[in-house]
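I have placed the structure first, in the form of C-alpha cells, so that the comments after it can refer back to it.
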Amino acid sequence: MGPSAFNYADLSNESDEDIPLHLVESTLYSNRKKQPDNQKQWLWFLFAGVVVSISFSIFNTFLLVRGFSSSQDIWASADNFAGVPLLRPNQFFGLDKIDRNRSGFSTPRPFMNRVSLLTQVSINHPDYVYPDGQREWFSSIRGTISPLHKPFVVNKETSTIAQFRALDYGMERCQVTVRISSRDVLESEADPRARFNRTFTSFRDEPVNIAVYELITDQPLDVQSLSWKTKPERGQLLGTLLVGEGIDSELHIRECLQESLQTFEFACEEELEEACAAEWWQDERESLERGGQNGWVIAGNENDVEPSLQRF
C-alpha cells in the first residue's frame, strides 16, 4: 500500500494512565459549570410555589374563622327570632309639614288594622305550642295553600294571644274592637263566604265577658315557639269586652305610637272561669266594616280626635 494522501498526526506514545489526574478533573469540572443546572432551578420554583400556596391557605382560613365568629355573635345577641331587628324606614314623607289647623282641613277617617298574629296558649299545658296554619291544604297545581283563617278560643284553661302593628301616620289613639255576626247572618245560606268561617259558639249560647290584658313586649312574637311558658309577662288589665252574637264591643286602650306593636291576651275573667267559653274562626281577608264577619281589629284615630271606629 502506498503512502496516504492525508497527513495524520502521530499518536502520542503516552497512555491514558500517563495523563496527569488533575488535568482530567479540571476538564470535567469546567464542563459541568458550563451546563445549566435545570434540576436545581425546578426544585427552587416548586418550593417557592408550595410556600406561597400554604401562606394563602393559612390567611384564608383566618379570615373564614374570624368572619364566622363575628356572624355567630350577631345572631346570638339578637332579641328577635329573625336576627338583628332591622330599621323600618318612614314611608310618610312630608306629612309632618301639613297644616292641620287650616280651615277646610277634614279629619281623617279611622283606619282598621287587622291582627298579624292570633294564636292560643294553655295554662294546663305550659310547654305546648299550638299549630299554625291549621287549615292549610295542598294543591297539585299551586302547592301548599295557607288561607288567612285564624281561630279564637277562650275558656278556663286557654287564652288567645293577639299582636297588631300600628302603621298609620298620626293615627295614634287606638281601641280594640270585636264584632260577632248575628244569628241570621251566621246561618244564612245566601252568604257567599265559606260556611266554616261563619261560626260562633259560647257557653250556653250566651254573651261572655272576656278580659283584655296588655302584654309587655316591643318585639314581634314567633308563633312557632309561643306557649304559656314563653309568652310575654302580663301588664295591666285594660278592661273587659262583652262578646256575643250580634254584638259590637269596643275598648279604648291608650296611645299607640306609629310603628309600635300592640300585644294583648284575651282570657276569661277569674270569677267567671267556670261559665266562660267562646270560640270562632275569622278570615282576615274580610273587613269588619263590611259587616257580617267575626273577628278582632284595632282601630286608630287622629291624635286629637276621640276614638270612634278604628279598631285593631
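Reminder that position 217 of the sequence shown reads as 217 in the working numbering, one-by-one numbering, no gaps.
Ideal placement from N, C-alpha and C gives every residue a C-beta, glycine not left out.
Go through its chain and collect everything with a Cβ distance to residue i's Cβ below 8 Å, but skip five positions before and after it.
i: Glu274; result: Lys156
i: Leu64; result: none
With DSSP collapsed to three states, give me the class of residue i.
i: Ile98; result: coil
i: Arg179; result: strand
i: Asn80; result: Residue placement at Asn80 is poorly supported in this model, since its pLDDT is 47, which falls under 50; the coordinates are not used for a value here.
i: Ser122; result: strand
i: Asn60; result: helix
i: Val115; result: coil
i: Lys270; result: A quick correction: the sequence has Glu, not Lys, at residue 270. Glu270: helix per DSSP, three-state reduction.
i: Arg142; result: coil
i: Asp222; result: coil
i: Leu319; result: Outside the modelled stretch of the chain, which goes from 1 to 312, sits residue 319, for which no answer is possible.
i: Gln236; result: strand
Once you ignore the five residues that flank residue i on each side, which residues in its own chain have a CB closer than 6 Å to its CB?
i: Leu118; result: Lys150, Ala162
i: Phe152; result: Thr160, Trp280
How many whole angstroms separate the CB atoms of residue i and residue j, which I take to be in contact at a CB cut-off of 8 Å?
i: Ile211; j: Glu271; result: Reading off the sequence shown, one finds Ala at residue 211, where the question assumed Ile. Ala211 to Glu271, Cβ: 10 Å. No contact.
i: Ala166; j: Leu242; result: Between Leu242 and Ala166 the Cβ distance is about 25 Å, and since that is not below 8 Å, they are no contact.
i: Val178; j: Ser249; result: 5 Å
i: Val52; j: Lys231; result: Not really, about 58 Å apart at Cβ, beyond 8 Å.
i: Phe200; j: Ala277; result: Rounded, the Cβ-Cβ distance is 11 Å, inconsistent with contact.
Looking only at its chain, what residues have a beta carbon closer than 7 Å to the beta carbon of residue i, apart from the 5 residues adjacent to it on each side?
i: Arg234; result: Tyr213, Leu215, Glu265
i: Asp127; result: Ser227, Lys229
i: Leu237; result: Ala211, Tyr213
Would you kindly work out how many angstroms separate the C-alpha atoms of residue i and residue j, rounded to a whole number?
i: Glu245; j: Thr158; result: 21 Å
i: Val208; j: Asn101; result: 43 Å
i: Ile141; j: Leu148; result: 19 Å
i: Phe57; j: Trp44; result: According to the sequence displayed, residue 57 carries Ser and not Phe. So the alpha carbons of these two residues sit roughly 20 Å apart.
i: Asp283; j: Phe164; result: 16 Å
i: Phe47; j: Ile54; result: 11 Å
i: Phe93; j: Thr263; result: 27 Å
i: Glu255; j: Val176; result: 12 Å
i: Asp132; j: Gln224; result: 7 Å
i: Ala267; j: Asp184; result: 27 Å
i: Asn60; j: Gln91; result: 42 Å
i: Val50; j: Phe62; result: 19 Å
i: Asp96; j: Tyr169; result: 9 Å
i: Ile247; j: Ile180; result: 6 Å
i: Glu259; j: Ile98; result: 20 Å
i: Arg173; j: Met112; result: 12 Å
In the DSSP output, what is residue i paired with across the bridge?
i: Phe164; result: Gln262
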